Amino acid sequence: MKQIQIAENTWKIGSNLGNEELFEGIWPTPDGVSVNSYFIREEKSVLIDIVKKDSGFIDEYEEELNAVGASLKTIDYLIVNHMEPDHTGALLQLTRFNPEVRIFCTKKSVPMLKAFYGIEKNVTAVSDGETLDLGNGRVLTFLETPNIHWPETMMTYDSKNQILFSCDAFGSFKALPEGKTFDDEMTGQEMNEFQAETLRYYSNIVSTFTPFVINGLKKLEALKVKIIAPSHGMVWRKNPQTIVSWYQKLCDFAVRGGRRITVIWSSMYGNTEAMLKTVTDTLNETGIPYSVYRIPDEPKLSYILADCWRSEGIILGMPTYEYRMFPPMAHVIDLLDRSHIKNRLAFRFGSFGWSGGAQKQLDELTAKLNWTFLNPVEFQGAPKEEDKAKAAAEIREMANRINAGRGNDSPLKDGAVF
Ligand code: FEO
Numbered sequence: 000m001k002q003i004q005i006a007e008n009t010w011k012i013g014s015n016l017g018n019e020e021l022f023e024g025i026w027p028t029p030d031g032v033s034v035n036s037y038f039i040r041e042e043k044s045v046l047i048d049i050v051k052k053d054s055g056f057i058d059e060y061e062e063e064l065n066a067v068g069a070s071l072k073t074i075d076y077l078i079v080n081h082m083e084p085d086h087t088g089a090l091l092q093l094t095r096f097n098p099e100v101r102i103f104c105t106k107k108s109v110p111m112l113k114a115f116y117g118i119e120k121n122v123t124a125v126s127d128g129e130t131l132d133l134g135n136g137r138v139l140t141f142l143e144t145p146n147i148h149w150p151e152t153m154m155t156y157d158s159k160n161q162i163l164f165s166c167d168a169f170g171s172f173k174a175l176p177e178g179k180t181f182d183d184e185m186t187g188q189e190m191n192e193f194q195a196e197t198l199r200y201y202s203n204i205v206s207t208f209t210p211f212v213i214n215g216l217k218k219l220e221a222l223k224v225k226i227i228a229p230s231h232g233m234v235w236r237k238n239p240q241t242i243v244s245w246y247q248k249l250c251d252f253a254v255r256g257g258r259r260i261t262v263i264w265s266s267m268y269g270n271t272e273a274m275l276k277t278v279t280d281t282l283n284e285t286g287i288p289y290s291v292y293r294i295p296d297e298p299k300l301s302y303i304l305a306d307c308w309r310s311e312g313i314i315l316g317m318p319t320y321e322y323r324m325f326p327p328m329a330h331v332i333d334l335l336d337r338s339h340i341k342n343r344l345a346f347r348f349g350s351f352g353w354s355g356g357a358q359k360q361l362d363e364l365t366a367k368l369n370w371t372f373l374n375p376v377e378f379q380g381a382p383k384e385e386d387k388a389k390a391a392a393e394i395r396e397m398a399n400r401i402n403a404g405r406g407n408d409s410p411l412k413d414g415a416v417f
């Protein structure tokens, strides 16, 4: 990838990772993901964050730095905003190349540097608000932003150029399109694709920490920011407020989701499935947007989380399996719990063979999520017409409750995801 100048004496370098590996070993990235680093050259040369191991780091970075008359060997400072190995995995490669590089990170990162990489030398712990003078009037300020994404995380702010190097915050999945880096270079379709991948990124890896994101957004209100330069996704130089507003909306979804319903269903012998047409026919009548997922489907779990995050309503089709929940649904509920998908309106339908039990376990597992359940519709064997009529009535009630009180919702622009 070509090095890109984002401001005077400031370049974005880094890697577009492909779709071969799962992000964090779990989340699919069919459109890849960018891992951005930033290079600043004043009297001191600084690298802000790096990339994971085995991503061609040394050769690629050296080539990009050479193109602007620099080298990894002459980097004075490395700023580690976040310890997760997608931003630090190549640290030992860097320190072998440049043993004298001085590392700046939060206090919480210091033992992690030792544990992950055995690095103790040339490490300086910084506190919130501390600064680093690079010369030529360029001063960086460190802002602790714990739990966006790990407890040790910080951001780095360049007050001269008003650039916020935000690391994971304001990031997304999806590699940068060929030859494009900035928000003003993206087509409308690319922007919508990035918005979808911002939702999936947020719901998969960030949503658990939403209270910290809200704190972080408040903290940043006091800063003048012209450019947001995250470590994943595009650089925002024309409308940085767009990505801030996306994150604000994503935080809002923690309260009740959006005007949307996600249907997740599973079936053993087709009896629970026999209710599905009633569900989708009724949803079509209501006009509320919805998505439907059949499980088990491991690669789709990432998308189920994303849709549940933006949905106020969740409909579960699940048979009872040996007196309890169907196991793949128990797995989904566990993921929804980990992602803190709370305060939803929920409805379940499902078949049983000789005894129910799934609903009881579902009620127990979701109690701490504060879900409000409509009356479940359970049936022995295949659903009868009266079961279908009951399910349709419950779904209409869900739609009415979702529509209530949403008079101020503005309609989504064409293709917008949330
Ligand atoms: Fe991009 Fe939390 O790592």
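Just so you know, the sequence shown maps onto residues 0 to 417 in numbering that gives the first Met the number 0. Beta carbons: idealized from backbone N, C-alpha and C, even for Gly. These figures come from a predicted structure and were not determined experimentally.
Contact the region 262-270 vs the region 324-332: 3+ CB pairs below 8 angstroms: Touching, yes, given that three or more Cβ pairs across the two stretches are closer than 8 angstroms.
Rounded separation between Trp26 and Gln188 - CA only: Counting from one through the sequence shown, the residue named residue 26 turns up at place 27. Counting from one through the sequence shown, the residue named residue 188 turns up at place 189. C-alpha separation (whole angstroms): 23 angstroms.
Within 8 angstroms, strictly: CB atoms of Arg258 and Arg395: Taking the first residue of the sequence shown as position 1, residue 258 is located at position 259. Taking the first residue of the sequence shown as position 1, residue 395 is located at position 396. Between Arg258 and Arg395, the C-beta gap is not smaller than 8 angstroms, which leaves the two residues out of contact.
Terminal residues of the beta strand (DSSP E) in which Lys11 lies: Here the question's residue 11 lines up with position 12 in the sequence shown. In this chain, the beta strand (DSSP E) harbouring Lys11 covers Thr9 to Leu16.
Near ligand 1: Ser230 beta-carbon under 7 angstroms from a heavy atom: In the sequence shown, residue 230 corresponds to position 231, counting from 1. Flag set: Cβ of Ser230 near ligand 1.
Secondary structure, alpha helix (DSSP H): runs of 4+ residues fully inside the region 165-238: As far as the region 165-238 is concerned, its whole alpha helix (DSSP H) runs of at least 4 residues are 187-200 and 209-219.
Close beta carbons around Trp370, own chain, < 8 angstroms, minus the five adjacent residues each side: As a working mapping, residue 370 is identified with position 371 in the sequence shown. Around Trp370: Ile313, Lys341, Asn342, Arg343, Leu344 and Ala345.
Proximity of Ser249 and Leu198 at Cβ, strictly below 8 angstroms: As a first step, residue 249 must be located in the sequence shown, where it is residue number 250. As a first step, residue 198 must be located in the sequence shown, where it is residue number 199. The identity of residue 249 in the sequence shown is Leu, whereas the question assumes Ser. Between Leu249 and Leu198, the CB-CB gap stays under 8 angstroms.
Check: Glu20 C-beta below 7 angstroms from any heavy atom of ligand 1: Residue numbering aside, residue 20 sits at position 21 when the sequence shown is read from its first letter. Every heavy atom of ligand 1 is 7 angstroms or more from the Cβ of Glu20, so no.
Burial state of Leu175 (16 or more Cβ within 10 Å): Locating residue 175 in the sequence shown gives position 176, counting from the first residue. Leu175 is classed as buried because its beta carbon has at least 16 other beta carbons within 10 Å across all chains shown.
Residue from Phe164, Phe348 and Ile260 whose Cα sits closest to the Cα of Phe38: Locating residue 38 in the sequence shown gives position 39, where the first residue counts as 1. By alpha-carbon distance to Phe38, the top candidate from Phe164, Phe348 and Ile260 is Phe164.
Within 8 angstroms, strictly: CB atoms of Glu377 and Phe351: As a working note, residue 377 is residue 378 in the sequence shown. As a working note, residue 351 is residue 352 in the sequence shown. Yes, they are a contact pair.
DSSP beta-bridge partners of Tyr320: Taking the first residue of the sequence shown as 1, we reach residue 320 at position 321. Paired residue(s): Arg323.
Integer Cβ distance of Thr105 from Glu41, believed to fall under 8 angstroms: Position 106 of the sequence shown, counting from 1, holds the residue named residue 105. Position 42 of the sequence shown, counting from 1, holds the residue named residue 41. Rounded to the nearest angstrom, the Cβ distance from Thr105 to Glu41 is 23 angstroms, too far for a contact under 8 angstroms.
Contact shell at 5 angstroms, judged by CB to any heavy atom of ligand 1, ordered along the chain: Listed by chain position, these are Glu83, Asp85, His148 and Asp167.
Leu368 versus Ser338, Gly356 and Lys72, residue with shortest Cα-Cα distance: Locating residue 368 in the sequence shown gives position 369, where the first residue counts as 1. The shortest C-alpha separation from Leu368 is found at Ser338.
Residue nearest to Val125 in terms of C-alpha spacing, selected from Met111, Leu142 and Phe115: Here residue 125 refers to the residue found at position 126 when the sequence shown is read from its first residue. Closest in C-alpha terms to Val125, from the list Met111, Leu142 and Phe115, comes Leu142.
Cβ-heavy atom distance, Glu177 to ligand 3, below 7 angstroms: Summarising the ligand content, the structure contains ligand 1 and does not contain ligand 3.
Euclidean distance between Cα positions of Ala415 and Glu363: Along the sequence shown, one-based indexing puts residue 415 at 416. Along the sequence shown, one-based indexing puts residue 363 at 364. C-alpha separation (whole angstroms): 36 angstroms.
Cβ neighbour criterion (16 or more within 10 Å) applied to Val254: The residue labelled residue 254 in the question sits at position 255 within the sequence shown. Around the CB of Val254, fewer than 16 other CB atoms lie within 10 Å, so the residue is classed as exposed.
Whole-angstrom distance between Gly68 and Thr207, CA atom to CA atom: Position 208 of the sequence shown, counted from the first residue, corresponds to residue 207. Position 69 of the sequence shown, counted from the first residue, corresponds to residue 68. In a straight line, the C-alpha of Thr207 is about 42 angstroms away from that of Gly68.
Span of the alpha helix (DSSP H), counted from its first residue to its last, around Leu364: Walking along the sequence shown from the start, residue 364 turns up at place 365. Note, Leu364: alpha helix (DSSP H), Ala357 to Thr365.
Inter-residue Cα distance where the pair is Gly55 and Asn18: As a working mapping, residue 55 is identified with position 56 in the sequence shown. As a working mapping, residue 18 is identified with position 19 in the sequence shown. Straight across, the Cα-Cα distance linking Gly55 with Asn18 is about 16 angstroms.
Cutoff 6 angstroms; reference Val212; Cβ partners in own chain excluding five residues on either side: The residue given as residue 212 occupies position 213 in the sequence shown. Short of 6 angstroms from the beta carbon of Val212, and not among the five residues preceding or following it, lie these beta carbons of its own chain, in chain order: Ile147 and Cys250.
Cutoff 6 angstroms; reference Glu196; Cβ partners in own chain excluding five residues on either side: The residue labelled residue 196 in the question sits at position 197 within the sequence shown. In the same chain as Glu196, and ignoring 5 residues on each side of it, the C-beta atoms closer than 6 angstroms to its own belong to Ser171, Phe172 and Lys173, in chain order.
Option nearest Arg95 by Cα separation, candidates Met397, Gly178 and Lys72: Within the sequence shown, residue 95 is the residue found at index 96, counting from 1. Closest option to Arg95, Cα to Cα, is Lys72.
Closest residue to Pro84 among Asp75, Asp53 and Ile57 (Cα-Cα distance): In the sequence shown, counting from the first residue as 1, residue 84 sits at position 85. Among Asp75, Asp53 and Ile57, the Cα nearest to that of Pro84 belongs to Asp53.
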